[in-house]
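**Q** Which chain is which? The protein sequence lines are A and B, in order. All the letters of the first sequence, read from the start, carry residue numbers 1 to 610 under this note's numbering. All the letters of the second sequence, read from the start, carry residue numbers 1 to 610 under this note's numbering. Ideal Cβ positions, reconstructed from N, Cα and C, are used throughout, including at glycine. One structure is given below, represented as structure tokens, and several questions about it will come after.
Number of protein chains: 2
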Amino acid sequence: MTSSYSIAFEPMNIAVDCGENETLLDCARRHRIRLATSCGGQGTCASCLIQFTEGSPPQAIKAEKDIISPARLAQGWRRACLVRPIGDSTVFVPPRSTAAPVRTHVEGNAADIDIDPPVKTVSFELSPPNMEDTVADDKRLHDALKERDEECTGFDPALLRSLSRDLRGWDWRGWVATFKGQVIAAGSVDQRPLGLAVDLGTTNISGILVDLKTGSTLAEKGMENPQTSLGADLITYASVIRRKPEAAEQLRHLSVTALNQLAADLCLECQEKPERIVEATIAGNTMMHHLLLGLPVHQLAMSPFVPALSRASDIKARDLGLEFAPGGNVHLLPNIAGFVGGDHIATLLAAILPSDKPAIIMDIGTNTEISLVDGEHVTSVSCPSGPAFEGGHLSHGMRAAEGAIELVRIKGDEVHFETIGDGVPVGICGSGVLDAVAQLQATGICNERGQIQDGQCRVQGDPDKREFVLATKEEAGGNEITLTQDDIRAVQLAKGAIRAATDQLLEKTGFAEKDLGQVIIAGAFGNYIDVGSALAIGMLPDLPYRKFAQIGNAAGEGARQVLLSNKIRAEARDLARRADYFELAGAKSFMKTFGARINFPEKPLRKSSE
Amino acid sequence: MTSSYSIAFEPMNIAVDCGENETLLDCARRHRIRLATSCGGQGTCASCLIQFTEGSPPQAIKAEKDIISPARLAQGWRRACLVRPIGDSTVFVPPRSTAAPVRTHVEGNAADIDIDPPVKTVSFELSPPNMEDTVADDKRLHDALKERDEECTGFDPALLRSLSRDLRGWDWRGWVATFKGQVIAAGSVDQRPLGLAVDLGTTNISGILVDLKTGSTLAEKGMENPQTSLGADLITYASVIRRKPEAAEQLRHLSVTALNQLAADLCLECQEKPERIVEATIAGNTMMHHLLLGLPVHQLAMSPFVPALSRASDIKARDLGLEFAPGGNVHLLPNIAGFVGGDHIATLLAAILPSDKPAIIMDIGTNTEISLVDGEHVTSVSCPSGPAFEGGHLSHGMRAAEGAIELVRIKGDEVHFETIGDGVPVGICGSGVLDAVAQLQATGICNERGQIQDGQCRVQGDPDKREFVLATKEEAGGNEITLTQDDIRAVQLAKGAIRAATDQLLEKTGFAEKDLGQVIIAGAFGNYIDVGSALAIGMLPDLPYRKFAQIGNAAGEGARQVLLSNKIRAEARDLARRADYFELAGAKSFMKTFGARINFPEKPLRKSSE
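This is the structure we're talking about:
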């Protein structure tokens, strides 16, 4: 016999039933209450901490005791992915454990480009049929387009279902949108054709809605990728799917739902309708791209990491479940390799590079993609860099959301920090962690090997469990925020991998750091980091500060350009074809370089003005 | 309060419940028991007669008394579309009232053509990826095709979902099928690519399954179109849909289900699988074509009878709900006009015409399409010709199924008839009706105006309700089979329309009957008629017997050729473009000609040897 309990989630103020043998995380998922999980509920991260505020919490198990202090265990804190309620309860979900809307970055560097969209809009005005002129509707429109020297090889079958009625309703006047000669959509004289450019990231999705005829931007918006409810990085997805194949369909569905929601939100902002979207361009990493298309992903995460699909592809929005124009097109940017996807191509397109010197462009995330561009030559590598920079797998890590410590400065005994929204700190996000580690190292609180030194101010715990108190109980509303030895180690591994990959890329292309004209850091995280801190911990090439540029969400901007310009779309294809990818997992020297890059550089922190 | 009754249908031996206010026809439909209805259950035909054999039949209403004799009413005969059971009953469904499998014709005149299918099959053998060669699966295949100078613009997204796994399972060897440069399907070395050619008729559907690489025919099969359960002709469909818009979706679904069933049956015959079908070509009349594609049809049945789509179209099998290869293509032949569809084009393609003289090709059915071909010039007309030739709307009419009288000869007092299957007659089908009317006229039993003469042998009934007894009770197992005055009138209207349309076509093109080199009669019905009888009643141009040819199901053969030959597919497009359609409903002289063609010609029956 099984029974179930009533669980009230706070502050959401939602009461739901939870099965006797169900974990709180599974229960929350079933009821569409989103909790943060970096590991996809496998019990390997600690991002889903919650507190029982009413009702008896069950006995903590070892995996909880390992992570949660006895005091906090006594206060009712548990891990949602492990705990199974034993009675009716109220559970508090702190901000750092919600997968709530987060700060994203959609601005990019919008460039002036020549508006020449691959999906072309053509106006028409037809004479209505009569008994002497019984030409079919499709041929009537076809002949009118031909007369204006417009290509018309056929009509999308879904469009035809409504076209005959519409033509009569529109008094035989309006516009059609054609793609590669096929008429894919139509509208009346007072409707406009829309285009949507999407950066489909592992953590965040952002979109730009444009008028496809004029090229003007109508709305921009970012949202968290709901796929993160099943995991926070690409390898997690592949492993979840390996164990539970139906998760692939679940992930695909989450992605499609998010894109439909994003389109609806963008349209709402400018009184438009998603069914007017005649084309969307999507720049995603290879995993997101494959999941969206329903392609197999297990080979992506297994040597030799081969994508099922690398070339640019066009697919009907309806085939993906996207509720755009019935015959609307979705253009997916090409991928370079299993871990260098269309989002990186889009970033390369949007970046303005020095013409005389080689440049490096890097997208930092749970996976980091790095390309060296030298004129026509493009060489790319990638390396896993873990979720630390997105606040994942850290004892007090969180996304860049309200209450996250995003900046840290240490002077003597004093710790100065700033939080997003300027409120009480609830955790620390990627840019904050980077700062904190740089400061600990600069002040000597940890040594060059990353070890927290004993006897320092705000250092507590046993020798093998030392931690630095970033915010005291008083500062943080009762819950101390610390950076542990393990957290510092996670940052060291991430920055070591990024730096080693950069080293390998330079070696492969025969350049030295000093040859580089510029180092461009793209992506939302890259936009918020203090380059000085990143240099201090040795994450970036040892170059003068002025050689670095942070360009924010360049992938979205690249997707916009691919939406609006035939020339840039061709460039994207060409770039993918030209790019020379080399697999670091196959380079014997990588592990050696990586080992040498884990420690911090010996020199002191630079000044930001250098 | 409502109650329901138990109704046993015989000879099907199925007992079902029937609601208190439900007609037997609605009840049968709900339980998927198929009864014949020419009118779609509107109560205007009499094809759904059934007999109560147990339980009380309800009182007959006027519409039943008009059609059923008092004796038969007393025996429990009623009209399924009108009768509502009043208690538990057993109901006998005679063969003529079942929409059961019927005799169809799929042979056609299979011609030798050059095998050059638009969907091309290309073999491949790839080297597997490794750490030094991480090229994506799609690009690996693309490069191999390019090397062999084969076009490859992209991959169908549905194919890609299984391709990566398949390539590995097939040891990187096999074939791909490409269409217009896109790779749409793939197979291992021991699988073969299949093609399906379909004649999608209002009454029957027939299919030819071919090996798309060699062009050889693997299986052929015909089946009744289940759409007839909602009506038997195009105008009925349009009117049903006008009253009940959801019927369009129901009709589409029936059509899709039938095509899937046909494909499965054909594959079963040769140990193949429908998912190997990489392309299907479909030749249907404009209404069937529009219903299958989900296009609006009300404008088809309304002046000026304009199709939504006339040009040839290619659509993914999956978009239609057809369970073929995931990326498989469906090619729909172009339409000429609202009542001259792709089936007629297919017939024109398959017919071998005299090169020196104009020829007429006609498809006779509930709608008759007629084209005059004079070298490059094609002129087409169409006319409604009712269901009489398919056994519909006649007092004892039935489809060309087991027990149907299909041949009639009268000598003095003797009536000689033959039935399909040589058993006891249960009704009369199209070719039998044509014969019977010709014989009645030749023997003077009816006069040239079609009136049955009194005092003749086997003539019975009141002056205004005279009928001729084709088979007596003794001959027909208890149920007399007659031809009534109304039945003869129905044949006169049908043949008058066909002949008048032919007259108009000749007048429009400036030819006389004697100029014609040949008159080709296509279609299953046309294949079974006695041309002598058709000439005798004045249905066909007054030409020597040798000028006529009966080519059977030429539409299926045309569809096969379009499947196997790029050249013939191009010809089909060209034919549709060249064809000059004129609308008889708009020609003032048509009604006059029609009136003059209703009577029978005065001269006596020719001999078949003339």
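Answer with yes or no whether the minimum CB distance from Pro157/A to chain B is below 7 Å.
**A** Here residue 157/A refers to the residue found at position 157 of the first sequence. Chain B, which has a Cβ nearer than 7 Å to the Cβ of Pro157/A, makes this yes.
**Q** DSSP three-state call for Met539/B: helix, strand or coil?
**A** For the purposes of this step, residue 539/B is taken as residue 539 along the second sequence, with counting starting at 1. Coil, per DSSP.
**Q** Whose C-alpha, out of Arg252/B, Ile361/B, Leu292/B, is nearest the C-alpha of Leu332/B?
**A** Position 332 of the second sequence, counted from the start, is the residue given in the question as residue 332/B. For Leu332/B, the closest C-alpha among the options Arg252/B, Ile361/B, Leu292/B is that of Leu292/B.
**Q** Taking only the alpha-carbon atoms, compute the straight-line gap between Leu516/A and Gly526/A and give it to the nearest angstrom.
**A** Counting from one through the first sequence, the residue named residue 516/A turns up at place 516. Counting from one through the first sequence, the residue named residue 526/A turns up at place 526. The C-alpha of Gly526/A is placed about 19 Å away from the C-alpha of Leu516/A.
**Q** Gln250/A lies in the alpha helix (DSSP H); which residues open and close that run?
**A** Counting from one through the first sequence, the residue named residue 250/A turns up at place 250. According to the DSSP assignment, Gln250/A belongs to the alpha helix (DSSP H) that extends over 246–269.
**Q** With DSSP run on the structure shown, which of helix, strand or coil describes Met302/B?
**A** Working through the second sequence from its first residue, we reach residue 302/B at position 302. Coil, per DSSP.
**Q** Have a look at Cys18/B and Phe92/B and give me their C-alpha separation to the nearest angstrom.
**A** Locating residue 18/B in the second sequence gives position 18, where the first residue counts as 1. Locating residue 92/B in the second sequence gives position 92, where the first residue counts as 1. Answer to the nearest angstrom: the Cα atoms are 15 Å apart.
**Q** Would you decide whether Ala15/A is buried or exposed? Buried here means 16 or more other CB atoms lie within 10 Å of its CB.
**A** Start at 1 with the first residue of the first sequence, and residue 15/A comes out as number 15. With fewer than 16 other Cβ atoms within 10 Å, it is exposed.
**Q** Reducing DSSP to helix, strand and coil, say where Val102/A ends up.
**A** Counting from 1 along the first sequence, the entry for residue 102/A is found at position 102. Note on Val102/A: pLDDT 34, under 50, position unreliable in the model; no value is reported.
**Q** Taking beta-carbon pairs under 9 Å, can you tell me which members of the stretch 107–136 of chain B lie near chain A?
**A** Pro129, Asn130, Met131, Glu132, Asp133, Thr134, Val135, Ala136
**Q** Quick check on this structure: which residue in Ala536/B, Asp486/B, Glu132/B, Gly342/B has the alpha carbon closest to the alpha carbon of Ala559/B?
**A** Stepping through the second sequence from its first residue, residue 559/B is reached at position 559. Ranking Ala536/B, Asp486/B, Glu132/B, Gly342/B by Cα distance to Ala559/B puts Gly342/B first.
**Q** Just grab the DSSP bridge partners of Arg409/A for me.
**A** Locating residue 409/A in the first sequence gives position 409, counting from the first residue. Paired residues: His416/A.
**Q** Per DSSP, Ser127/A is paired with what?
**A** Numbered from 1 along the first sequence, position 127 holds the residue referred to as residue 127/A. According to DSSP, which records beta bridges pairwise, Ser127/A is partnered with nothing at all.
**Q** Who are the Cβ neighbours of Gly538/A in its own chain at under 7 Å, not counting the five residues just before and after it?
**A** Taking the first residue of the first sequence as position 1, residue 538/A is located at position 538. Taken in chain order, the residues that qualify are Lys495, Arg499, Arg597, Phe600, Pro601.
**Q** Which ranges would you report for the alpha helix (DSSP H) in the stretch 273–359 of chain B if only whole runs of at least 4 residues count?
**A** Along the stretch 273–359 of chain B, the alpha helix (DSSP H) occurs as fully enclosed runs of 4 or more residues at 286–293, 317–320, 342–350, listed in sequence order.
**Q** Which residue marks the beginning of the alpha helix (DSSP H) containing Tyr545/B, and which one marks its end?
**A** Position 545 of the second sequence, counted from the first residue, corresponds to residue 545/B. Run containing Tyr545/B: none; DSSP gives neither H nor E here.
**Q** Cβ closer than 8 Å: which chain B residues qualify as neighbours of Leu163/A?
**A** Here residue 163/A corresponds to residue number 163 of the first sequence, with the count starting at 1. Here the neighbours are Ala308.
**Q** Thr482/B to Phe468/B, Cα distance in whole Å?
**A** Taking the second sequence and counting its residues from 1, the one referred to as residue 482/B is at position 482. Taking the second sequence and counting its residues from 1, the one referred to as residue 468/B is at position 468. Whole-angstrom Cα-Cα distance: 5 Å.
**Q** In chain B, what lies closer than 7 Å to Ser303/A by C-beta?
**A** Mapped onto the first sequence, residue 303/A falls at position 303. Correct list: Met131.
**Q** So Gly427/A packs on Ala404/A, CB below 8 Å; how close in whole Å?
**A** Within the first sequence, numbered from 1, the residue matching residue 427/A stands at position 427. Within the first sequence, numbered from 1, the residue matching residue 404/A stands at position 404. Indeed, because the Cβ distance is near 6 Å, the residues count as touching under 8 Å.
**Q** Taking the continuous alpha helix (DSSP H) assigned at Cys457/A, which residues delimit it?
**A** Within the first sequence, the letter at position 457 stands for residue 457/A. Careful: Cys457/A lies outside any alpha helix (DSSP H) and carries neither H nor E.
**Q** To which residues of the same chain is Pro611/A closer than 6 Å at the C-beta, ignoring the five residues directly before and after it?
**A** Here chain A has residues from 1 to 610 only, and residue 611/A is not among them.
**Q** So, at 7 Å on beta carbons, what are the nonlocal neighbours of His289/A in its own chain, with the 5 sequence-adjacent residues on each side left out?
**A** Mapped onto the first sequence, residue 289/A falls at position 289. Hits under 7 Å: Leu332, Asn335, Gly341, Gly342.
**Q** Determine the direct distance from the alpha carbon of Asp171/A to that of Lys221/B, and round the result to whole angstroms.
**A** Translated into the one-based positions of the second sequence, residue 221/B becomes position 221. Translated into the one-based positions of the first sequence, residue 171/A becomes position 171. The alpha-carbon atoms of Lys221/B and Asp171/A are separated by roughly 46 Å.
**Q** Check distances from the C-beta atoms of the stretch 574–585 of chain A to those of chain B and list, in chain order, the residues that come in under 8 Å.
**A** Tyr581, Glu583, Ala585
**Q** For the stretch 446–475 of chain A, which residues have a CB atom closer than 8 Å to at least one CB atom of chain B, in sequence order?
**A** none
**Q** Under the three-state reduction of DSSP, which class applies to Ser239/B: helix, strand or coil?
**A** On the second sequence, residue 239/B is found 239 positions in, with the first residue counted as 1. Of the three classes helix, strand and coil, the one that applies to Ser239/B here is helix, per DSSP.
**Q** So Asp138/B contacts chain A; which residues on that side make the cut at Cβ distance below 9 Å?
**A** If you number the second sequence from 1, residue 138/B lands on position 138. Result: Pro307, Ala308, Leu309, Ser310, Arg311, Ser313.
**Q** For the beta strand (DSSP E) containing His393/A, name the first residue and the last one.
**A** In the first sequence, residue 393/A corresponds to position 393, counting from 1. That residue, His393/A, is in no beta strand (DSSP E); it is neither H nor E in DSSP.
**Q** Cys18/B bridges to which residues according to DSSP?
**A** Sequence index remark: in the second sequence, residue 18/B carries index 18 (1-based). BP columns for Cys18/B point to Tyr5/B.
**Q** Fully enclosed by the stretch 426–505 of chain B, which alpha helix (DSSP H) runs are 4 residues long or longer?
**A** Annotation note: the stretch 426–505 of chain B contains the following uninterrupted alpha helix (DSSP H) runs of length 4 or greater, listed N- to C-terminal: 430–442.
**Q** Compare the beta carbon distance of Gly195/A and Glu272/A with 7 Å and say whether it is the shorter of the two.
**A** On the first sequence, residue 195/A is found 195 positions in, with the first residue counted as 1. On the first sequence, residue 272/A is found 272 positions in, with the first residue counted as 1. Not in contact: Gly195/A and Glu272/A (Cβ atoms no closer than 7 Å).
**Q** Which chain B residues are close to Gly294/A, counting only those with a beta carbon under 7 Å from its beta carbon?
**A** Taking the first sequence and counting its residues from 1, one reaches residue 294/A at position 294. Chain-order list of chain B residues neighbouring Gly294/A: Arg161, by C-beta distance under 7 Å.
**Q** Since Pro541/B and Glu513/B are thought to touch, with beta carbons under 8 Å apart, how far apart are those beta carbons, to the nearest angstrom?
**A** Reading the second sequence from its first residue, position 541 is the one you call residue 541/B. Reading the second sequence from its first residue, position 513 is the one you call residue 513/B. Yes, they are in contact, since the Cβ atoms of Pro541/B and Glu513/B sit about 4 Å apart, within 8 Å.
**Q** Since His142/A meets chain B, which of its residues come closer than 8 Å, beta carbon to beta carbon?
**A** In the first sequence, residue 142/A corresponds to position 142, counting from 1. Within 8 Å Cβ-Cβ: Arg311.
**Q** Nearest to Ala301/B by CA position, among Asp149/B, Met287/B, Leu295/B, Ala28/B, is which residue?
**A** Position 301 of the second sequence, counting from 1, holds the residue named residue 301/B. From the listed residues Asp149/B, Met287/B, Leu295/B, Ala28/B, the smallest Cα separation to Ala301/B is found for Met287/B.
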